[in-house]
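Have a look at the structure below before the remarks.
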Amino acid sequence: MASTLVYGYMTADKLAQKMERAVQRSRPEDLIKMKEDIARGIRILESWLEAHGGRTLLSHGDEYYFEIPGESLESLGVVHTQVQDAFDDSTTIGIGLDLREAGKALEAGTKQGGGRIVFFAPEIDRSEER
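One point on numbering: in this note's numbering, the residue at position 54 of the sequence shown is 54, and numbering is uninterrupted.
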């Protein structure tokens, strides 16, 4: 029986602010370190995806879209911690049955303070309607 694919959307929570501080302080070395940290974190995530039958859909800066068989999500917490350590920043991951749900879950996680994995639930859509 084929596994259900799920979709993920990950972003670093405070990277934009860190970049702005580096620019304001005219510290190019900080920008280079951020670039290297992001690349290391993405390599960790991509290795996990490859090992679990997933794939990258889009990687742009600190934003990352992916798909993975649902049964592989049990190890997502471990890789999430490893990516956060590599990024030197908290990251939020939204998971859904489609890209829209993954995006809504990410928004909900960000509103909750970030640094977490959020699985889409119908309550997320209902909370936006209020």
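Positions of the beta carbon are idealized from the N, C-alpha and C atoms, including for glycine.
State the beta-bridge partners of residue i as determined by DSSP.
| i | result |
| --- | --- |
| I32 | BP columns for I32 are empty, so no partner. |
| F134 | The structure shown does not extend to residue 134, since the chain is modelled only from 1 to 130, so the question has no answer here. |
| G96 | Y7 |
| F119 | I95 |
With respect to the alpha helix (DSSP H) encompassing residue i, which residues constitute its N-terminal and C-terminal limits?
| i | result |
| --- | --- |
| K20 | A small correction: the amino acid at residue 20 is Glu; Lys does not occupy that position in the sequence shown. 15-24 is the extent of the alpha helix (DSSP H) around E20. |
Alpha carbons only, please: which of the options is nearest the one belonging to residue i?
| i | options | result |
| --- | --- | --- |
| Q112 | F66, T92, S72 | T92 |
| P122 | E101, G109, R116, T110 | E101 |
| E67 | G77, H60, G53 | G53 |
| I117 | D125, P28, Q84 | Q84 |
| W48 | L76, A105, F119 | L76 |
| I32 | G61, G96, T110 | G61 |
| A16 | F87, L5, G96, I124 | F87 |
For residue i, collect the residues of the same chain with a Cβ closer than 7 Å to its Cβ; drop the 5 residues on either side in sequence, then sort them by chain order.
| i | result |
| --- | --- |
| D98 | Y7 |
Starting from the C-beta of residue i, find all residues in its chain whose C-beta is less than 8 Å away, skip the five residues before and the five after it, and write them out in chain order.
| i | result |
| --- | --- |
| K18 | D30, M34, D89 |
| L58 | Y64, Y65 |
Going by beta carbon distance, what residues of the same chain come within less than 6 Å of residue i, once the five residues before and after it are set aside?
| i | result |
| --- | --- |
| A22 | D30, L31 |
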